[in-house]
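Visitor: First, the structure itself, so that you have it in front of you.
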Amino acid sequence: MTTSSVIVAGVGMIKFAKPGASDSYDKMGADAIRGALTDAGLSYDDVQQAYAGYVYGDSTCGQKALYHVGMTGIPVVNVNNNCSTGSTALFLARQAIEHGVADCVLAVGFEQMQPGALTSHFTDRPTPFDDFDKETDDLVGNGQIPLALRYFGGAGKSHMEKFGTTLNDFAKIRAKASRHAVNNPLALFNKEVSEQQVMEAPMMWDGVMTRLMACPPTCGGAAAILCSEAFAKKHNIPTTVSIKAQAMTTDYASTFEAHDMMQLVGYDMTAQAAKQVQDQSGIDINDVDVVELHDCFAHNELITYEGLGLCPEGGAQQFIADGDNTYGGKYVTNPSGGLLSKGHPLGATGLAQCYELTHQLRGTADARQVDGAKTALQHNLGLGGACVVTLYQAA
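What follows is the structure, given as structure tokens:
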């Protein structure tokens, strides 16, 4: 299936914060929306539909956030797709425009998180992760380690065993993230850390992961306003950045049948979504200039290089060594600092990636600017599972 261009009319984002140091979710969401409206030069009355993404919250939190900005009776859909929630809201907003249901649609994501490891809030029913947890227990054990660390650390361990990847390779990714985040005033962590400091951080899983290789729990909000080309022309909105293609995948049988932690955390979802986007757009991965990908752990960034096709399978170690994941290399990856340094407020993450890539393609990313950026790729992954890959182009 081919897609028509959908314009990114405006983006908004607030500075991410540690749990307990942020505003409430509704204020964060409202502030992000106001930022996107201002950026687009539109009023809330122009918005015809809204998709609000969050993971931890009661039903209709989206309305609570949106009502601070306006109450115009428009459809508001609340979205929860784990860590890919923000990009799922973006996916739905883009579909509404592409299929002519609406001409101006808002996607907003926010999260007010609690300190510590992620945990289920419902203990009286099966969790969506029962099968994932059993497979993780069978493949890597170490039940004393929090599950998220076992999922993604286990995937990194699998890559180490297959291809000879080392702990230092993950440390290089984390150090790179911090160098990028120094130039992002909206990131949670702006301090540069060295590869050695990452290696010397407390060990969370011996030989597999140090503390600095994991993203922190974070609160925040981000939003994007999408519109049709006709709407943009009517309202004098620059058509500088458009979504050329987008795909969402969920788990394949291989997630469990492969008995491989890389597959369990969505390697095939990533690969298939990336392929669909390339097929839709006719744009080859080699034409991409800048990438925002889901680095909830340094380990996931590394395997995602291969899943997206940025390098061959088994080639991530050389890709990192050659500096092809940073400025001066083939693909500038996570110029925002990524989840590792920018933070990971689950519902907002996908829209924060959209914010970054929109500014990159506009040429307005300040000290983070990737020279000559014309094509951008976004990857946002949630276990359970869903993966959204989006391809943007500058006019």
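Read the sequence shown against the UniProt record's numbering and you will find it ends at 395, with the numbers running on by one and no gaps.
Every residue, glycine too, gets a C-beta built ideally from N, C-alpha and C.
By Cβ distance, which residues of its chain are closer than 7 Å to K330, with the 5 residues on each side in sequence left out?
Guide: For this step, residue 330 is matched to residue 330 along the sequence shown. If we look at K330 and ignore the five residues flanking it on each side, its Cβ neighbours are D324.
Visitor: Are G314 and F152 close, meaning C-beta to C-beta below 9 Å?
Guide: Along the sequence shown, read from residue 1 onward, the residue named residue 314 stands at position 314. Along the sequence shown, read from residue 1 onward, the residue named residue 152 stands at position 152. The answer is no: Cβ separation not under 9 Å.
Visitor: Have a look at V388 and D58 and give me their C-alpha separation to the nearest angstrom.
Guide: As a working mapping, residue 388 is identified with position 388 in the sequence shown. As a working mapping, residue 58 is identified with position 58 in the sequence shown. For V388 and D58, the distance between alpha carbons rounds to 24 Å.
Visitor: Roughly how many angstroms separate the alpha carbons of L193 and A30, rounded to a whole number?
Guide: Mapped onto the sequence shown, residue 193 falls at position 193. Mapped onto the sequence shown, residue 30 falls at position 30. In the sequence under discussion, the amino acid at residue 193 is Val, which differs from the Leu named in the question. Spanning the two alpha carbons is a distance of roughly 33 Å.
Visitor: Considering just the uninterrupted stretch of the beta strand (DSSP E) at H379, what are its terminal residues?
Guide: The residue given as residue 379 occupies position 379 in the sequence shown. Counting along the chain, the beta strand (DSSP E) containing H379 begins and ends at T375 to G382.
Visitor: According to DSSP, which residues form a beta bridge with M209?
Guide: As a first step, residue 209 must be located in the sequence shown, where it is residue number 209. DSSP lists W205 as partners of M209.
Visitor: Could you tell me how far apart the beta carbons of V79 and T88 are, in whole angstroms, since I believe they sit closer than 8 Å?
Guide: Counting from one through the sequence shown, the residue named residue 79 turns up at place 79. Counting from one through the sequence shown, the residue named residue 88 turns up at place 88. Indeed, because the Cβ distance is near 5 Å, the residues count as touching under 8 Å.
Visitor: Thinking C-alpha only, which one of K275, K134 and P345 is nearest S22?
Guide: Here residue 22 refers to the residue found at position 22 when the sequence shown is read from its first residue. Ranking the options by Cα distance to S22, first place goes to P345.
Visitor: A232 to A223, Cα distance in whole Å?
Guide: Along the sequence shown, read from residue 1 onward, the residue named residue 232 stands at position 232. Along the sequence shown, read from residue 1 onward, the residue named residue 223 stands at position 223. Their backbone Cα atoms lie some 18 Å apart in a straight line.
Visitor: Start and end of the beta strand (DSSP E) containing S59?
Guide: In the sequence shown, the residue the question calls residue 59 occupies position 59. Per DSSP, S59 belongs to no beta strand (DSSP E) and is neither H nor E.
Visitor: Rounded to a whole number of angstroms, what is the C-alpha to C-alpha distance between A214 and M204?
Guide: The residue you call residue 214 lines up with position 214 of the sequence shown. The residue you call residue 204 lines up with position 204 of the sequence shown. Taking the straight line from one Cα to the other gives about 9 Å.
Visitor: Would you check if there are 3 or more beta carbon pairs closer than 8 Å linking the region 271-286 to the region 346-357?
Guide: No, the region 271-286 is not in contact with the region 346-357.
Visitor: Going by DSSP, what residue range makes up the alpha helix (DSSP H) through I14?
Guide: For the purposes of this step, residue 14 is taken as the residue at position 14 of the sequence shown. Premise fails: I14 is in no alpha helix (DSSP H) and is neither H nor E.
Visitor: Helix, strand or coil for M1, going by three-state DSSP, please let me know.
Guide: What you label residue 1 is simply residue 1 of the sequence shown in a count that begins at 1. Note that M1 has pLDDT 41, beneath the 50 cutoff, so the model's placement of it is unreliable and the number below is only indicative. Reduced to three states, the DSSP call for M1 is coil.
Visitor: Going by DSSP, what residue range makes up the beta strand (DSSP E) through I225?
Guide: Position 225 of the sequence shown holds residue 225. Start and end: G220 to C227.
Visitor: Comparing C-alpha positions only, which one of L42, Y54 and N81 sits nearest to V69?
Guide: Residue mapping note: residue 69 aligns to position 69 of the sequence shown, counting from 1. It is L42.
Visitor: What separation, rounded to the nearest whole angstrom, lies between the Cα atoms of H235 and D366?
Guide: Locating residue 235 in the sequence shown gives position 235, where the first residue counts as 1. Locating residue 366 in the sequence shown gives position 366, where the first residue counts as 1. Going by the C-alpha atoms only, they are around 27 Å apart.
Visitor: Report, in whole angstroms, the separation of the C-beta atoms of T240 and L106, which I expect to be a contact under 8 Å.
Guide: Stepping through the sequence shown from its first residue, residue 240 is reached at position 240. Stepping through the sequence shown from its first residue, residue 106 is reached at position 106. Incorrect: roughly 19 Å between the Cβ atoms, too far for contact.
Visitor: Using the C-alpha atoms, what's the distance from I7 back to L308?
Guide: Taking the sequence shown and counting its residues from 1, one reaches residue 308 at position 308. Taking the sequence shown and counting its residues from 1, one reaches residue 7 at position 7. Roughly 24 Å between the two C-alpha positions.
Visitor: Can you give me the start and stop residues for the alpha helix (DSSP H) that N168 sits inside?
Guide: Translated into the one-based positions of the sequence shown, residue 168 becomes position 168. Run containing N168: L167 to A181, per the alpha helix (DSSP H) assignment.
Visitor: Would you identify the three-state DSSP class for L37, choosing helix, strand or coil?
Guide: In the sequence shown, residue 37 corresponds to position 37, counting from 1. In the structure shown, L37 sits in a helix (DSSP, three-state: H, G or I).
Visitor: Which term fits D206, buried or exposed, when burial requires 16 or more other beta carbons within 10 angstroms of its beta carbon?
Guide: Here residue 206 refers to the residue found at position 206 of the sequence shown. Classification for D206: exposed.
Visitor: What are the uninterrupted segments assigned as beta strand (DSSP E) that are 3 or more residues long and contained completely in the region 222-305, given in chain order?
Guide: Counting only runs of 3 or more, we get 241-249 and 290-292.
Visitor: According to DSSP, simplified to helix, strand and coil, what is A187?
Guide: Within the sequence shown, residue 187 is the residue found at index 187, counting from 1. Here A187 sits in coil by DSSP.
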